[in-house]
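>
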Amino acid sequence: MARINDVGGLQGFGPIDTADDTEPFHADWEARVFALNSALIAGKVYNLDEFRDAIESMAPADYLAASYYERWFFAIRTLLERKGVIEAGELDV
Amino acid sequence: MTGGHTDADISRRVRRLETLLEDRGIVAGAALDETLDAFLSGASPANGARVVARAWTDADFRTRLLADGTSAVAELGLSAGGVQPQRLRVVENTPDTHNVVVCTLCSCYPVRLLGPSPSWYKSEAYRSRVVREPRAVLEEFGVRLPDATRITVWDSTSETRYMVLPMRPSGTSHLDEPALARLVPRNALIGTAVL
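Sequence lines, in order, name chains A and B.
Those letters in the first sequence? Residues 1 to 93, per my numbering, in order.
Those letters in the second sequence? Residues 94 to 288, per my numbering, in order.
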């Protein structure tokens, strides 16, 4: 079954925001999420395929509601919880 | 799109995660800063532009680039980039054919050659539509191609990244390689701009 990330050819997403073109990160936390993911892959806590799979396994409604780096953060948390590095709810204090 | 969390919420959670991982000895804050600096300084569309200018001025290099992009850019000390090694395929625009690159599944992209990817490249709108109606999408970028021009859309994968080799503009025979490189904007390397 196709996963929600497989959007090629789907209709209904509207025009492209071609003006959103230059900033790699829109907030500091996005840059930290990017760096954390690089470090966790480099440190072999998980690999790139696991990371990609964690994003692609998101519930469709959650995937579509999330921004690009919110998806990354979701995937990082999912994998760290699965591997017992952090516990569920540990970030919500 | 901002999703269910406010920026302050997610910002706090990210900081909390970073602290936990540092306390547990899994990542080091200084290493994260280095990773970011290296990413932002090593990944630039100037790299891709340098490859294009070399291909325009060195026919043998151009042949090698189109046959095996990975090896050819390695001659210039470059790679597609990313956290795992990837193959680079360079696709050439001609008077009859225009190429455009997408990653329909997510955001695969030769980051070292093109710099950090623009947000629109990662958007559902671009990913979904460019494979269905490339001509309409290109018009949103201000690119109008002759009806007779064939458009080929390349869908990136986790193993293969693509870069477009644009056509050399006419009237540039007097320019040297660095001057030619300055003519090449990032979107020309994706295929959403023409020179």
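Using N, Cα and C, we set each Cβ at its ideal position, and we do this for glycine too.
Just confirm the distance between the C-beta atoms of Leu-113/B and Ile-86/A, as a whole number of angstroms; I'd bet it's less than 8 angstroms.
Contact holds; Cβ gap of about 6 angstroms.
> Once you ignore the five residues that flank Leu-238/B on each side, which residues in its own chain have a CB closer than 6 angstroms to its CB?
If we look at Leu-238/B and ignore the five residues flanking it on each side, its Cβ neighbours are His-191.
> Hey, which unbroken runs of the beta strand (DSSP E) at 3 residues or more fall wholly within the region 200 to 274 of chain B?
As far as the region 200 to 274 of chain B is concerned, its whole beta strand (DSSP E) runs of at least 3 residues are 243 to 248, 253 to 258.
> I need the DSSP call for Glu-56/A, collapsed to helix, strand or coil.
Here Glu-56/A sits in helix by DSSP.
> I want to verify the contact list: residues of chain A whose CB lies under 9 angstroms from the CB of Val-224/B, in sequence order.
Those within 9 angstroms of Val-224/B in chain A are Gly-8, Gly-9.
> Is there a Cβ from chain A that is less than 9 angstroms from the Cβ of Leu-294/B?
Any property of residue 294/B remains undetermined from this structure, which presents chain B solely from 94 to 288.
> Using beta carbons (cut-off 9 angstroms, strictly below), is Arg-52/A in contact with chain B?
Judged by the 9 angstroms Cβ criterion, Arg-52/A is in contact with chain B.
> DSSP on Thr-190/B, reduced to helix/strand/coil?
Strand at Thr-190/B.
> Taking 9 angstroms as the threshold (beta carbon to beta carbon), is Glu-56/A in contact with chain B?
Closer than 9 angstroms to some Cβ of chain B, the Cβ of Glu-56/A qualifies, so yes.
> Residues of chain A with CB closer than 7 angstroms to the CB of Pro-209/B, please, in chain order.
In chain order: Pro-24.
> Could you give the DSSP three-state label for Val-195/B: helix, strand or coil?
Residue state, collapsed to three classes: strand.
> Looking at the C-beta of Ser-137/B, does it have a partner C-beta in chain A at a distance below 9 angstroms?
No, Ser-137/B does not count as interfacial toward chain A.
> Measure from the C-beta of Ala-88/A to each C-beta in chain B and report whether the shortest distance is under 9 angstroms.
Closer than 9 angstroms: no.
> Looking only at its chain, what residues have a beta carbon closer than 8 angstroms to the beta carbon of Thr-245/B, apart from the 5 residues adjacent to it on each side?
Within the same chain, Thr-245/B has close Cβ partners Val-184, Thr-190, His-191, Asn-192, Val-193.
> With 8 angstroms as the C-beta to C-beta threshold (strictly closer), list the residues of the region 185 to 201 of chain B near chain A in chain order.
Flagged, chain order: Val-195, Thr-197, Leu-198, Cys-199, Ser-200.
> I'd like the list of long-range same chain contacts for Ser-251/B, defined as Cβ closer than 7 angstroms, with 5 residues on each side in sequence excluded.
Result list for Ser-251/B: Cys-201, in chain order.
> In terms of alpha-carbon separation, which member of Gly-84/A, Ala-54/A, Lys-83/A lies closest to Glu-70/A?
Residue Ala-54/A is the option with its Cα nearest to Glu-70/A.
> Measure the CB-CB distance between Pro-211/B and Asp-92/A and report whether it falls below 9 angstroms.
No, the Cβ-Cβ distance between Pro-211/B and Asp-92/A is not below 9 angstroms.
> Any beta-carbon of chain A closer than 9 angstroms to the one on Thr-285/B?
Judged by the 9 angstroms Cβ criterion, Thr-285/B is in contact with chain A.
> Residues in the region 236 to 257 of chain B with C-beta within 7 angstroms of chain A's C-beta atoms, listed in sequence order?
Listed in sequence order: Asp-248, Ser-251.
> Near Ser-213/B, what residues of its chain come up, given a Cβ to Cβ distance below 8 angstroms and the 5 sequence neighbours on each side ignored?
Here residue 213/B turns out to be Trp, not Ser, going by the sequence shown. These residues qualify, in order along the chain: Tyr-219.
> Ordered along the chain, which non-local residues of its own chain (more than five positions away) have a Cβ less than 6 angstroms from that of Val-230/B?
Only Arg-222, Val-223 meet the Cβ criterion.
> What residues in the region 33 to 45 of chain A bring their beta carbon closer than 9 angstroms to a beta carbon of chain B?
Flagged, chain order: Val-33, Phe-34, Ala-35, Leu-36, Asn-37, Ser-38, Ala-39, Leu-40, Ile-41, Ala-42, Gly-43, Val-45.
> Taking 8 angstroms as the cut-off, does the region 67 to 81 of chain A touch the region 27 to 36 of chain A (at least 3 CB pairs, one atom from each stretch)?
Yes, the region 27 to 36 of chain A touches the region 67 to 81 of chain A.
> Going by the CB atoms, is the gap between Ala-160/B and Val-144/B shorter than 9 angstroms?
No, they are not a contact pair.
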